[in-house]
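**Q** Take 15 as the starting number for the sequence shown in this note's numbering and just add one per residue.
All C-beta atoms, glycine included, are put in the ideal place defined by N, C-alpha and C.
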Amino acid sequence: MEPTYTLWGHLPLLVRANSKESVEYILQVLWKTRNTGLDATDRAAIREMLHLDNDSDLDPLLVCLRILMRRCVYENINKDDIQKLFPGEVAPEFQRLLIVLLQKFQREWQQDVFKDNVTVPRLKAMTWNMVNSEMEKESTDPMAVISLKLQNDELSQSGETEVKFQLAKDSLQAMLRSMYCIKDQLSDTTEPSIQHFHKS
15 MEPTYTLWGH LPLLVRANSK ESVEYILQVL WKTRNTGLDA TDRAAIREML HLDNDSDLDP
75 LLVCLRILMR RCVYENINKD DIQKLFPGEV APEFQRLLIV LLQKFQREWQ QDVFKDNVTV
135 PRLKAMTWNM VNSEMEKEST DPMAVISLKL QNDELSQSGE TEVKFQLAKD SLQAMLRSMY
195 CIKDQLSDTT EPSIQHFHKS
């Protein structure tokens with residue numbers, strides 16, 4: 015139990031910050047660097063805010079904050095239950111400000127995580143058929159109706175969707191030119207992509 019106490023015992027260092035805004039800044043920087051870690055400039059700025067001389071005091075505090083932030087975002091904690099994230103050895107007076115800020119940013123951070131996890135669906139199947147134009151009743155020019163079935167493999171339930179659209183002859187020709195450009199780029203990735211595009 016002693017290592018746990020020693021770790022969370024660093025949270026009171028936050029009272030060295032000059033203001034609530036300083037603590038808010040620290041949390042925001044930690045969130046923005048959640049995948050990369052703090053760089054030297056960020057570390058120096060936070061040490062200055064907290065009046066710390068070295069990283070040996072700073073690092074345990076940052077670990078505590080990242081643990082709280084991660085649990086607040088990923089464990090789907092109700093906004094009113096955030097206070098339950100704190101271990102019993104953390105005094106209430108050190109919890110209050112962090113609870114307010116975690117409640118403030120929880121939804122925003124969860125939306126960031128959702129955006130990070132959004133994936134582009136893959137093409138599963140394509141069908142087409144010819145119909146007369148529905149847009150211009152006087153026109154007898156046929157149009158192609160393209161049906162695309164898209165599959166999102168990241169969804170736990172069926173991630174299949176279907177998209178339909180119409181193409182007239184001119185639009186189809188422009189689309190084919192673009193598809194040939196894509197084909198060229200996939201076939202020869204060593205040339206700059208701009209060389210494959212031509213005016214339509």
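DSSP has Ala-139 in a bridge; who is on the other side?
**A** Against the sequence shown, residue 139 aligns to sequence position 125. According to DSSP, which records beta bridges pairwise, Ala-139 is partnered with Lys-163.
**Q** Measuring CB to CB, does Met-189 end up less than 8 Å from Leu-200?
**A** Reading the sequence shown from its first residue, position 175 is the one you call residue 189. Reading the sequence shown from its first residue, position 186 is the one you call residue 200. Going by C-beta atoms, Met-189 is not nearer than 8 Å to Leu-200.
**Q** Pick from Asn-166, Val-145, Lys-163, Gln-165: whose alpha carbon is nearest that of Met-157?
**A** Residue 157 sits at position 143 when you count from the first residue of the sequence shown. Minimum Cα distance to Met-157 is reached at Val-145.
**Q** Give me the Cα-Cα distance between Thr-18 and Asp-71, rounded to the nearest whole angstrom.
**A** As a first step, residue 18 is located in the sequence shown; it is residue number 4 there, counting from the start. As a first step, residue 71 is located in the sequence shown; it is residue number 57 there, counting from the start. Residue confidence for Thr-18 is low, a pLDDT of 43 falling below 50, so the modelled location carries little weight and cannot support an answer.
**Q** Per DSSP, Glu-122 is paired with what?
**A** As a first step, residue 122 must be located in the sequence shown, where it is residue number 108. Per DSSP, none; premise fails for Glu-122.
**Q** Which residues mark the beginning and the end of the beta strand (DSSP E) in which Val-177 is found?
**A** Translated into positions along the sequence shown, residue 177 becomes position 163. Residues 174-181.
**Q** Evaluate the contact criterion for the region 80-93 versus the region 33-40: three or more CB pairs, one atom per stretch, below 8 Å.
**A** no
**Q** Taking the alpha-carbon positions, what's the Gln-120 to Leu-75 distance?
**A** Counted from its first residue, the sequence shown places residue 120 at position 106. Counted from its first residue, the sequence shown places residue 75 at position 61. Going from the Cα of Gln-120 to the Cα of Leu-75 covers about 20 Å.
**Q** Using the Cβ count rule (16 or more neighbours within 10 Å means buried), how would you classify Val-77?
**A** What you label residue 77 is simply residue 63 of the sequence shown in a count that begins at 1. When all chains shown are included, Val-77 counts as exposed.
**Q** Helix, strand or coil for His-212, going by three-state DSSP, please let me know.
**A** Residue numbering aside, residue 212 sits at position 198 when the sequence shown is read from its first letter. Confidence in His-212 is poor, its pLDDT being 43 and thus under 50, which makes the residue's placement unreliable; the coordinate value appears in the next sentence. Here His-212 sits in coil by DSSP.
**Q** Is it buried or exposed for Ile-196, if we count other Cβ within 10 angstroms and need 16 for buried?
**A** As a first step, residue 196 is located in the sequence shown; it is residue number 182 there, counting from the start. The residue is exposed, with fewer than 16 neighbouring Cβ atoms inside 10 Å.
**Q** Is there contact here, the region 37-55 with the region 98-109, by at least three beta-carbon pairs under 8 Å?
**A** no
**Q** Would DSSP call Leu-131 helix, strand or coil?
**A** The sequence position of residue 131 within the sequence shown is 117, counting from 1. Sequence inspection shows Asn at residue 131; the Leu mentioned does not correspond to that position. Helix.
**Q** Given a threshold of 16 other Cβ atoms within 10 Å of its Cβ, counted over all protein chains shown, does Leu-137 qualify as buried or as exposed?
**A** Within the sequence shown, the letter at position 123 stands for residue 137. The residue in question, Leu-137, is exposed, as its Cβ has fewer than 16 Cβ neighbours within 10 Å.
**Q** In angstroms with no decimal places, state the Cα-to-Cα distance between Thr-50 and Ala-59.
**A** As a position in the sequence shown, residue 50 is number 36, starting the count at 1. As a position in the sequence shown, residue 59 is number 45, starting the count at 1. Distance between the alpha carbons of Thr-50 and Ala-59 is about 17 Å.
**Q** Would you check if the distance between the CB atom of Leu-79 and the CB atom of Leu-27 is smaller than 8 Å?
**A** Taking the first residue of the sequence shown as 1, we reach residue 79 at position 65. Taking the first residue of the sequence shown as 1, we reach residue 27 at position 13. Result no, Cβ atoms of Leu-79 and Leu-27 do not sit closer than 8 Å.
**Q** Is it the case that the Cβ atoms of Glu-176 and Gln-165 are separated by a distance below 8 Å?
**A** In the sequence shown, counting from the first residue as 1, residue 176 sits at position 162. In the sequence shown, counting from the first residue as 1, residue 165 sits at position 151. It is not a contact, given that the beta carbons lie outside the stated cut-off.
**Q** Would you kindly report the start and end of the unbroken alpha helix (DSSP H) that includes Gln-42?
**A** Here residue 42 refers to the residue found at position 28 when the sequence shown is read from its first residue. That run of the alpha helix (DSSP H) goes 34-46.
**Q** Which partner residues of Asn-146 appear in the DSSP bridge assignment?
**A** Counting from one through the sequence shown, the residue named residue 146 turns up at place 132. Residue pairing for Asn-146: DSSP places it in a beta bridge opposite Pro-156.
**Q** Among Asn-68, Val-29, Leu-162, Glu-122, which one has its Cα closest to the Cα of Pro-135?
**A** On the sequence shown, position 121 is the one that residue 135 refers to. Cα-wise, what sits closest to Pro-135 is Leu-162.
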